[in-house]
Structure formats: C-alpha cells, structure tokens
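There are 2 protein chains.
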Amino acid sequence: MSKGITSRNEDYSQWYNDLVIKADLAEYSAVRGSMVIKPYGYAIWERMQADLDARFKETGHSNAYFPLFIPKSFFSKEASHVEGFAKECAVVTHYRLTNDEDGNIVVDENAKLEEELVVRPTSETIIWNTYKGWIESYRDLPIKVNQWANVVRWEMRTRLFLRTAEFLWQEGHTAHATKEEAVEETKLILDIYADFTENILGVPVVKGLKTESEKFAGALDTYCIEALMQDGKALQAGTSHFLGQNFAKAFDVKFTTREGKQEYVWASSWGVSTRLMGALIMAHSDDAGLVLPPKLAPIQVVIVPIYRSEEEKSQVDEYVNALTESFKKKNIRFKYDDRDTHRPGFKFAEWEMKGVPLRLTVGARDLKNGTVELARRDRQTKESISQEGLTEHVENLLDTIQENIYTKARDFRDAHITEVNSYQEFKEVLENKTGFISCHWDGTEETELKIKEETKATIRCIPLDAEKEEGNCVYSGRPSTQRVLFARAY
Amino acid sequence: MSKGITSRNEDYSQWYNDLVIKADLAEYSAVRGSMVIKPYGYAIWERMQADLDARFKETGHSNAYFPLFIPKSFFSKEASHVEGFAKECAVVTHYRLTNDEDGNIVVDENAKLEEELVVRPTSETIIWNTYKGWIESYRDLPIKVNQWANVVRWEMRTRLFLRTAEFLWQEGHTAHATKEEAVEETKLILDIYADFTENILGVPVVKGLKTESEKFAGALDTYCIEALMQDGKALQAGTSHFLGQNFAKAFDVKFTTREGKQEYVWASSWGVSTRLMGALIMAHSDDAGLVLPPKLAPIQVVIVPIYRSEEEKSQVDEYVNALTESFKKKNIRFKYDDRDTHRPGFKFAEWEMKGVPLRLTVGARDLKNGTVELARRDRQTKESISQEGLTEHVENLLDTIQENIYTKARDFRDAHITEVNSYQEFKEVLENKTGFISCHWDGTEETELKIKEETKATIRCIPLDAEKEEGNCVYSGRPSTQRVLFARAY
Numbered sequence: 001m002s003k004g005i006t007s008r009n010e011d012y013s014q015w016y017n018d019l020v021i022k023a024d025l026a027e028y029s030a031v032r033g034s035m036v037i038k039p040y041g042y043a044i045w046e047r048m049q050a051d052l053d054a055r056f057k058e059t060g061h062s063n064a065y066f067p068l069f070i071p072k073s074f075f076s077k078e079a080s081h082v083e084g085f086a087k088e089c090a091v092v093t094h095y096r097l098t099n100d101e102d103g104n105i106v107v108d109e110n111a112k113l114e115e116e117l118v119v120r121p122t123s124e125t126i127i128w129n130t131y132k133g134w135i136e137s138y139r140d141l142p143i144k145v146n147q148w149a150n151v152v153r154w155e156m157r158t159r160l161f162l163r164t165a166e167f168l169w170q171e172g173h174t175a176h177a178t179k180e181e182a183v184e185e186t187k188l189i190l191d192i193y194a195d196f197t198e199n200i201l202g203v204p205v206v207k208g209l210k211t212e213s214e215k216f217a218g219a220l221d222t223y224c225i226e227a228l229m230q231d232g233k234a235l236q237a238g239t240s241h242f243l244g245q246n247f248a249k250a251f252d253v254k255f256t257t258r259e260g261k262q263e264y265v266w267a268s269s270w271g272v273s274t275r276l277m278g279a280l281i282m283a284h285s286d287d288a289g290l291v292l293p294p295k296l297a298p299i300q301v302v303i304v305p306i307y308r309s310e311e312e313k314s315q316v317d318e319y320v321n322a323l324t325e326s327f328k329k330k331n332i333r334f335k336y337d338d339r340d341t342h343r344p345g346f347k348f349a350e351w352e353m354k355g356v357p358l359r360l361t362v363g364a365r366d367l368k369n370g371t372v373e374l375a376r377r378d379r380q381t382k383e384s385i386s387q388e389g390l391t392e393h394v395e396n397l398l399d400t401i402q403e404n405i406y407t408k409a410r411d412f413r414d415a416h417i418t419e420v421n422s423y424q425e426f427k428e429v430l431e432n433k434t435g436f437i438s439c440h441w442d443g444t445e446e447t448e449l450k451i452k453e454e455t456k457a458t459i460r461c462i463p464l465d466a467e468k469e470e471g472n473c474v475y476s477g478r479p480s481t482q483r484v485l486f487a488r489a490y
Numbered sequence: 491m492s493k494g495i496t497s498r499n500e501d502y503s504q505w506y507n508d509l510v511i512k513a514d515l516a517e518y519s520a521v522r523g524s525m526v527i528k529p530y531g532y533a534i535w536e537r538m539q540a541d542l543d544a545r546f547k548e549t550g551h552s553n554a555y556f557p558l559f560i561p562k563s564f565f566s567k568e569a570s571h572v573e574g575f576a577k578e579c580a581v582v583t584h585y586r587l588t589n590d591e592d593g594n595i596v597v598d599e600n601a602k603l604e605e606e607l608v609v610r611p612t613s614e615t616i617i618w619n620t621y622k623g624w625i626e627s628y629r630d631l632p633i634k635v636n637q638w639a640n641v642v643r644w645e646m647r648t649r650l651f652l653r654t655a656e657f658l659w660q661e662g663h664t665a666h667a668t669k670e671e672a673v674e675e676t677k678l679i680l681d682i683y684a685d686f687t688e689n690i691l692g693v694p695v696v697k698g699l700k701t702e703s704e705k706f707a708g709a710l711d712t713y714c715i716e717a718l719m720q721d722g723k724a725l726q727a728g729t730s731h732f733l734g735q736n737f738a739k740a741f742d743v744k745f746t747t748r749e750g751k752q753e754y755v756w757a758s759s760w761g762v763s764t765r766l767m768g769a770l771i772m773a774h775s776d777d778a779g780l781v782l783p784p785k786l787a788p789i790q791v792v793i794v795p796i797y798r799s800e801e802e803k804s805q806v807d808e809y810v811n812a813l814t815e816s817f818k819k820k821n822i823r824f825k826y827d828d829r830d831t832h833r834p835g836f837k838f839a840e841w842e843m844k845g846v847p848l849r850l851t852v853g854a855r856d857l858k859n860g861t862v863e864l865a866r867r868d869r870q871t872k873e874s875i876s877q878e879g880l881t882e883h884v885e886n887l888l889d890t891i892q893e894n895i896y897t898k899a900r901d902f903r904d905a906h907i908t909e910v911n912s913y914q915e916f917k918e919v920l921e922n923k924t925g926f927i928s929c930h931w932d933g934t935e936e937t938e939l940k941i942k943e944e945t946k947a948t949i950r951c952i953p954l955d956a957e958k959e960e961g962n963c964v965y966s967g968r969p970s971t972q973r974v975l976f977a978r979a980y
C-alpha cells in the first residue's frame with residue numbers, strides 16, 4: 001500500500017484501473033477479458049445483492065435457476081434478439097478432451113455436439129422455452145422470477161467491472177396476462193433500481209427510455225437509469241425491458257384467459273450487473289482511493305490502536321471491546337485492525353484506499369483524555385472527540401456521510417446537465433464541460449447515428465420526467481416536442 | 491396436484507423423479523443433462539446457502555469470484571487432475587455466430603479461439619494460477635476463500651439434482667504456510683459439513699476418508715461425509731480435500747517463510763453442491779411427497795382458512811392476522827394460503843407434497859371452540875388443539891419435528907450398517923438388506939476394483955472413528971487392521 005495511484009486529472013482511465021487493483025476489488029485473470037473479483041470487491045457486491053434481493057422478494061419475486069447453455073436454435077428464434085447477441089457469443093462445440101499421439105491434451109473430435117450450445121449472454125430464450133411448460137391459464141400468471149447468474153458476452157475491449165467477457169448479474173423474467181401489468185412491472189423495477197442506486201450506492205440517476213437504436217434486442221421498450229461519472233461520461237446502471245409478446249410468440253407461449261380465449265403472454269425482463277461496481281467507484285472515489293457510502297460499506301468503521309507497549313495495547317483492547325459491543329447493538333459494521341505485522345500509517349493508507357467511511361484511532365493518550373480520533377473518508381478530515389456518546393455520534397455521522405456523498409454526486413450531476421440549442425454549442429459543451437447535454441432531437445435514427453459518428457455522443461435516454469417543449473433538432477433543425485439527454489458514455 | 495406419485499416400493503427411482511417434479515423443485519431443461527431449478531426448489535437451496543455461508547464466514551472465510559472459463563493449458567498442468575476431468579469437459583472453441591449463405595445461424599469459423607477454453611468442472615487450476623499473484627510471503631497466508639458458482643461436468647446419465655451436466659455448488663480454496671494448518675482446515679470444513687447436514691438437513695452422516703481410487707483428482711487425501719438413502723444406497727454429500735503442495739507445484743506458488751526460505755504453499759479445497767437437495771429428498775420423503783426439516787423449510791407453517799361465506803372468511807382473517815403477528819415475533823416462517831381459486835383439499839395435498847412441516851387449519855367452528863387443527867407432515871397426524879399458547883406450541887413442535895426427522899433417519903441408517911465377515915455374507919446383505927456393509931478389506935486397489943466389478947459396491951469411506959481391529963479381508967483373506975464401509979451408491 002506504500003505507493004499511491006495515478007490522479008484523476010493526470011489520467012482518469014489509469015486512475016480507475018489503479019484504484020480497482022490497489023483497493024483489492026478485482027484484477028484481470030489469465031482468461032482474456034475475464035476478471036477475478038477479489039474478496040473485498042466481492043463483499044461489496046454481496047451487499048448490493050442482499051439489498052436488491054430483499055427488494056425483489058418484498059415485491060413478490062422468487063429466485064430460480066436456468067441453464068448456462070442455450071441451444072443455438074433457441075437463440076435464433078427471436079430475430080432481433082439473435083442479431084443483437086450473435087456477434088459476441090462464446091460457443092461450446094465439444095464435450096470431451098483427449099490425448100493426441102504425442103500425449104498432448106486436445107479437443108476430442110469424436111465428441112462434437114450435434115447442436116452447438118451458446119453460453120448465455122442473457123436468458124430470455126431458454127426461460128421462455130421453459131415458461132411454455134409452466135403456463136396454461138390465467139391462474140398460472142403472473143410469474144415473477146429472478147436469477148442471480150454469470151453471463152458471457154465476448155467483448156473485444158474490456159475494462160474491469162465495466163465491460164468484461166464474463167460478468168455477474170441478476171436477470172428478472174416476468175410473465176403477465178395483460179400488457180398493462182407487464183408495463184407496470186417494468187416500471188416498478190425501474191423504480192426499485194433507481195431507489196437502490198440513489199439511496200444505497202449514493203449515485204443519482206436519470207430515469208428514462210432508450211431510443212429504438214439503443215434498446216435491448218427483442219424489447220418493445222427499454223427503460224434505463226443513467227448515472228454520471230466524475231469525468232463527465234454517462235454510465236447506464238440498469239435496464240428494465242417491456243418485451244411485449246415477442247418472446248411469447250417466438251416460443252409459442254399462450255394462456256387461456258378468464259373468458260376462455262387463447263392469448264399470447266406479456267413479458268418483462270430486467271437486470272443490473274457487476275457494472276454497478278464501476279458506477280460506484282467512478283461516482284465517488286478520489287485520488288486517495290475508493291469512497292464507499294456507509295449503507296453499502298462492508299466495513300463502516302475501522303478501529304486502529306496506537307500503542308508503545310503491551311500494557312498500552314491491553315488498555316486499548318479493553319476500551320475497544322466495550323465500544324464494539326455497543327457498535328454491535330446498533331448494527332454498525334466495524335473491524336478492529338490490531339495486526340501487529342503492520343504500522344498504523346500503513347493501516348491508515350490501506351483503509352483509506354479501501355474507502356472505509358470512518359477511521360477511529362485510539363491510543364494511550366486518548367484513553368487518558370477520554371477521547372478518540374475520528375477521520376472521515378469522504379472529506380478526508382479528522383477530529384478528536386469525546387468518548388461519551390461515541391456510538392450515537394458514529395451512527396449519526398454514518399448517516400451524514402451517506403447523505404453528503406449523495407449530495408455531492410447529485411450537485412456534480414446537476415451542474416453537468418447543460419441545455420443547448422445549437423449543434424455548435426452541443427460540440428463545445430461535449431468537448432469542454434462534458435456531462436449530459438439536454439437538447440432537441442428530431443426523433444430519427446439517421447440524426448442519432450450521424451451525431452454519434454461525428455461526436456461519439458449517444459442519446460442516453462428520453463427522460464421520463466421531461467416536459468413537453470416545442471423546439472428544433474440541434475442537428476437537422478426539424479421540429480421536436482421534447483429534449484433528450486446526450487452524452488459520451490461507458 | 492390431483493394425482494399422487496409412484497410409491498417408493500413400486501419404483502424408487504420413479505418415485506424420486508415424480509416427487510421432484512410434483513413438489514415443484516426442478517425439471518429437466520431443453521439442454522441435455524441440464525436442469526431448471528424451480529422457485530420452490532431454489533428457495534430450499536437458498537436456505538442451505540445462507541446457513542453454510544454464515545458458517546464459512548464465522549470461521550474466517552471470504553467469498554470471491556473466479557472465471558467460468560479455464561484455458562486448456564492450465565487444466566493440463568496437474569497430471570492426475572486433468573486425467574480425472576478431461577473426459578467430461580464442455581469446451582468453448584469459438585466466440586461468434588454468423589449467418590451462412592442461406593441465412594441460417596451458424597458458428598463463425600473465422601472466430602476460432604487460439605486456445606480452447608474449458609468450462610470449469612472445478613476451479614483449482616484457475617484459482618492457483620491466480621494465487622500465484624497473491625502470495626509472496628508468510629504474511630499473505632493463510633488465504634481462505636470460497637466461491638458460490640455453477641460448474642459443468644458432461645455426465646452421460648443424469649438425474650435431477652444427483653447428477654446433472656451443470657450444477658450449483660460452493661468451492662472453497664485455501665492456501666497455508668504449513669501442512670498441519672492445511673490438514674486442520676480440511677478437517678474443520680468436514681466438521682462444518684457434517685454438522686450442517688445433520689442439524690439442518692436432518693441427515694446423519696459418516697465422516698471418513700476416501701480410498702486412493704475414489705479420491706479427488708489432484709488430492710493427497712479426500713475426506714467425505716456419506717449419507718444413507720431410504721433405498722439403502724449411499725450418497726456422498728460433501729468432500730474436503732487436502733491437496734498437499736500439488737497445485738502449488740503445478741503453478742509454481744512459493745512463499746518466503748518467517749525464516750526467509752522459499753517453500754511451496756499447502757492447500758485444501760472443499761465443496762458441497764445442489765446434490766444435497768437429492769440427499770435431503772431421499773433421506774426423509776414419503777409416498778405423499780417431500781418431508782422438510784423445519785430448520786430448512788422455506789415455509790414452516792402453512793395456514794389454510796375454511797369458510798362458507800365472506801363473513802366467516804373475514805373472521806378467520808382477523809384471527810390469522812393476530813396469530814401471524816405473533817409468529818413473526820418468533821421468526822416462524824409461515825404462509826397464509828387464502829387463494830380463492832383452489833379448494834382446501836387441493837391446498838392440503840399441495841403443501842403435503844411440498845413438505846411443509848406444519849399445516850394449520852382454521853374454520854368458523856374452530857373460532858367458536860377456541861381451537862385450530864394442526865397437522866404434522868412428518869407423521870401425517872393431525873389434532874385439534876387450543877388457540878391458547880398456540881405460538882409456543884408451534885415453536886416447540888417445530889423443534890420436535892426437526893429432532894424426529896433426524897432420529898428416524900439415524901435409526902434407519904444405524905439399522906443399515908451391517909458387519910459382515912465373509913464375501914458370501916457381503917453379497918447377501920448387499921442384495922437383500924442393503925445399506926452400509928462394514929467389513930475388513932486388504933487395502934489394495936485390486937480387491938476394491940474386483941468387488942466393484944462383481945457387486946457394484948464401492949468403498950464409501952474409511953470411517954474416521956473406526957476402531958483398530960485385526961481381521962481378514964472378506965475378499966482376499968489377507969490381513970487388515972480396520973473395517974471400511976462398502977455400499978452401492980448414487
């Protein structure tokens with residue numbers, strides 16, 4: 001932990017990579033584009049999982065598990081779906097290795113699969129093929145199922161957490177008797193994602209609708225939450241898709257209505273992934289390392305003892321034991337770092353890098369004075385405060401930090417939504433100020449693609465709360481009825 | 491739920507399959523040998539996961555995540571390991587699909603991988619390749635990491651939960667500075683597995699050591715827990731491997747000792763899988779369906795209202811609401827099944843099939859009498875009891891049921907460990923009485939394989955608590971110093 005990391009100003013991209021490595025979150029593996037999520041990084045992901053999972057269950061969803069492999073023929077049944085994913089699929093073609101004449105391990109050509117299997121990039125096809133057997137009548141609906149799983153998309157350029165060949169996610173797949181219910185579900189999940197991302201991760205988001213060219217392959221509508229990173233680039237943090245009857249038709253899933261008619265089932269699907277780790281890191285962290293919001297932090301308070309003798313150590317131990325008993329009662333997640341293999345300065349740097357919200361230092365002098373030293377990670381400030389009422393103080397401070405982290409990110413985001421009314425202005429803001437650009441667009445894919453080609457900016461979403469406003473497309477000058485958000489994005 | 495299932499006596503194997511399907515636990519998918527774990531089955535697996543995960547964390551383990559794909563060359567580095575797994579590996583050879591001239595979706599031959607990737611059947615090789623980067627000195631040890639993951643072994647004959655091409659499991663991989671510490675870890679985990687299986691699943695196990703021919707490919711010693719199913723066949727429910735320095739040597743993982751020497755790292759690995767679902771089902775269930783031990787059951791008490799009018803229904807509702815408030819305080823997991831789409835008899839059969847430990851029925855007459863009807867799933871008995879002190883009664887009854895289920899399985903198992911002293915007796919017991927056969931064996935692989943060929947019985951384990959006893963091998967007559975356990979097994 002002795003060396004620091006590249007600063008954001010110097011090289012934002014390198015800063016991100018350094019941080020992920022130095023904070024022990026993840027690393028590249030020997031398998032091209034695949035990462036290893038290290039214990040500390042995984043502990044943060046586990047906390048995301050637990051919170052989301054509870055929200056899904058509270059709203060009537062159950063978990064299940066569907067196969068990793070998808071027969072190629074299933075994959076091809078929904079035309080736009082296969083078009084969207086075919087170019088990035090890992091394909092299993094054989095089921096055995098063997099020794100060649102020289103004793104090398106090779107693929108056994110006698111064990112070729114009749115039909116190749118695609119490693120799931122997403123599970124709509126295998127799940128809708130399964131739902132066909134589960135659904136006969138309206139009594140079997142709705143089905144509200146989620147799975148926590150790994151998926152594979154063969155990305156050419158990868159970045160830890162943001163874009164990896166294999167990643168972890170949850171994917172919900174619901175089946176409904178009516179269009180209204182499926183749309184309602186799609187929006188319910190979008191709200192859950194937004195609330196979770198803002199209140200737990202402390203990352204403000206814009207809820208919106210994707211354009212035709214940006215939506216999920218196989219969806220009628222893709223809703224999304226879009227976040228803004230500190231370098232002014234946007235990041236799609238979660239998506240919820242209204243699939244209409246596309247997959248029900250592709251897999252012939254009909255149900256008998258209350259009136260005895262046969263109708264195709266309506267569907268939604270939705271997911272967030274380990275990409276959220278990237279959003280978390282890039283929204284809050286600084287040149288000293290990770291900054292974690294307390295509600296998410298696996299360790300909220302790290303306690304470091306300062307001592308010069310065994311006697312002093314045991315006095316500190318005694319105090320810390322009493323204090324942490326009181327922490328436990330308040331469900332404050334703490335770690336007493338009394339390793340004797342490392343010096344305090346090393347520990348300070350390590351926990352700062354790992355983003356622990358509060359560091360509490362106790363030494364012999366503190367014990368004499370009835371104080372402790374408390375350091376806030378979010379502001380990098382420290383103060384000596386009384387031991388009296390310390391637990392309550394810590395509890396309140398954790399809430400304050402959570403709020404501060406969110407407010408800071410929101411102020412930054414709000415300051416980086418810029419209304420522009422000309423293409424010249426658009427390009428200037430994109431180059432210099434960065435962030436979201438709110439402007440009129442003529443609604444055509446042609447314009448969208450031209451802007452993308454010329455500036456690398458894409459329409460992040462059509463915000464759900466956008467007001468109707470007459471205007472003219474910044475690119476074509478054609479009439480438009482509302483503003484959309486453009487940005488360069490991860 | 492109207493139809494029952496095949497009885498155990500009629501066809502045990504069909505009974506098992508029927509039960510898995512009818513109790514909504516799992517089903518075969520369209521992908522050869524892969525299963526779909528349905529929400530109710532997955533809820534049971536989630537409870538297993540939560541309990542085990544807490545035990546791992548209490549004993550100092552952290553979760554992490556390693557890649558699904560393993561380069562073929564890694565896989566080949568530990569000789570016995572690759573020999574053990576090569577014949578059942580799914581292999582990824584391409585990373586793209588494309589359209590052929592006729593518009594069909596085919597594998598893109600231009601997207602062939604330089605080195606094929608094996609879908610992990612277990613992760614020792616990729617993990618030890620990673621640990622190489624994590625370990626420099628004794629300060630970096632021990633590493634105690636677990637992952638919850640899916641693995642693939644291309645089995646030719648599959649059975650739901652027991653043997654599927656893809657299954658879910660946890661795999662722990664630890665690294666230690668000394669042999670003693672690695673062995674201690676291996677045994678600690680064995681004890682955790684045994685305690686969990688006996689106290690939560692209610693399935694008694696024998697702890698033992700595998701013979702050379704049955705041990706894990708790459709291990710020095712494989713410890714196991716062996717359970718007995720109601721048909722007298724054994725089932726390996728979990729394994730914990732002492733890997734010695736095999737993988738450290740294969741991946742060149744050395745560390746600097748306190749004394750400044752370079753030594754290879756010592757290792758353990760250990761796992762339990764969705765196979766435990768099979769053990770659970772076959773240890774306790776009956777011809778009416780699943781029987782769940784209360785500590786594991788996602789629903790411990792199902793409450794079914796009986797009513798003839800809306801007025802009666804609302805009276806029952808009122809009572810049930812008060813009762814379930816009291817259940818919540820005691821953390822009793824309940825479901826109020828007041829669906830108006832199904833009749834009580836249907837509900838009774840459904841929850842019986844799904845193994846819910848207690849069914850509580852409340853009707854208008856009960857309200858008048860101050861009673862409820864309570865039915866026990868494990869004994870298929872019911873009684874009318876007073877509403878007074880009902881919550882405490884239910885709480886105690888759940889403990890009683892947990893104990894009863896375990897005791898019943900243990901008595902059955904104990905009655906099916908038969909000491910034999912001749913090969914004739916061995917074969918008779920195997921054919922007629924079934925179960926574990928405790929006998930002397932000469933310690934040679936030759937004898938072990940001959941017995942296996944002739945009888946299909948294998949050495950399940952050399953029990954850890956076996957007493958030293960002079961004797962003669964039932965097959966060869968050669969001298970032996972302790973008895974081992976043979977059985978036919980899943």
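These protein sequence lines are chains A and B, in that order.
Just so we're aligned: the first sequence equals residues 1 to 490 in our numbering.
Just so we're aligned: the second sequence equals residues 491 to 980 in our numbering.
The C-beta atom is built at its ideal place from N, Cα and C for all residues, glycine as well.
In this text, all values refer to a predicted model and were calculated from it rather than measured experimentally.
Helix, strand or coil at residue i [DSSP, three-state]
{"i": "W841(B)", "result": "helix"}
{"i": "I715(B)", "result": "strand"}
{"i": "S269(A)", "result": "strand"}
{"i": "K112(A)", "result": "strand"}
{"i": "F334(A)", "result": "strand"}
For residue i, the nearest candidate out of the options (CA to CA)
{"i": "A248(A)", "options": "Y193(A), L290(A), A177(A)", "result": "A177(A)"}
{"i": "I616(B)", "options": "F559(B), D777(B), I822(B)", "result": "F559(B)"}
{"i": "K528(B)", "options": "E548(B), R522(B), E674(B), A516(B)", "result": "A516(B)"}
{"i": "I595(B)", "options": "K335(A), K254(A), E78(A)", "result": "E78(A)"}
Proximal residues to residue i (C-beta, below 7 Å), its chain only, five neighbours per side dropped
{"i": "M1(A)", "result": "The predicted position of M1(A) is uncertain, since its pLDDT is 45 and thus under 50; no value can be drawn from it."}
{"i": "A194(A)", "result": "V205, K207, I225"}
Beta-ladder partner(s) of residue i, from DSSP
{"i": "S438(A)", "result": "E419(A), L485(A)"}
{"i": "W134(A)", "result": "W134(A) pairs with nothing; no bridge assigned."}
{"i": "Y264(A)", "result": "K254(A)"}
{"i": "H774(B)", "result": "In DSSP, H774(B) forms no bridge with anything."}
Residue i, buried or exposed, once every other Cβ within 10 Å from all chains shown has been counted against 16
{"i": "S422(A)", "result": "exposed"}
{"i": "K634(B)", "result": "buried"}
{"i": "T93(A)", "result": "buried"}
{"i": "M156(A)", "result": "exposed"}
{"i": "P479(A)", "result": "exposed"}
{"i": "Q262(A)", "result": "exposed"}
{"i": "K433(A)", "result": "exposed"}
{"i": "K819(B)", "result": "exposed"}
{"i": "G531(B)", "result": "buried"}
{"i": "N499(B)", "result": "exposed"}
Contacting residues, own chain, Cβ-Cβ under 8 Å from residue i (five flanking each side not counted)
{"i": "S703(B)", "result": "E935, E938, L939"}
{"i": "F412(A)", "result": "L228, Q230"}
{"i": "E115(A)", "result": "P71, K72, S73"}
{"i": "K468(A)", "result": "T481, Q482"}
Residue i: CB within 7 Å of a non-hydrogen atom of the ligand PLP
{"i": "V36(A)", "result": "Absence of the ligand PLP from the depicted structure is noted, as is the absence of any ligand whatsoever, leaving it without description."}
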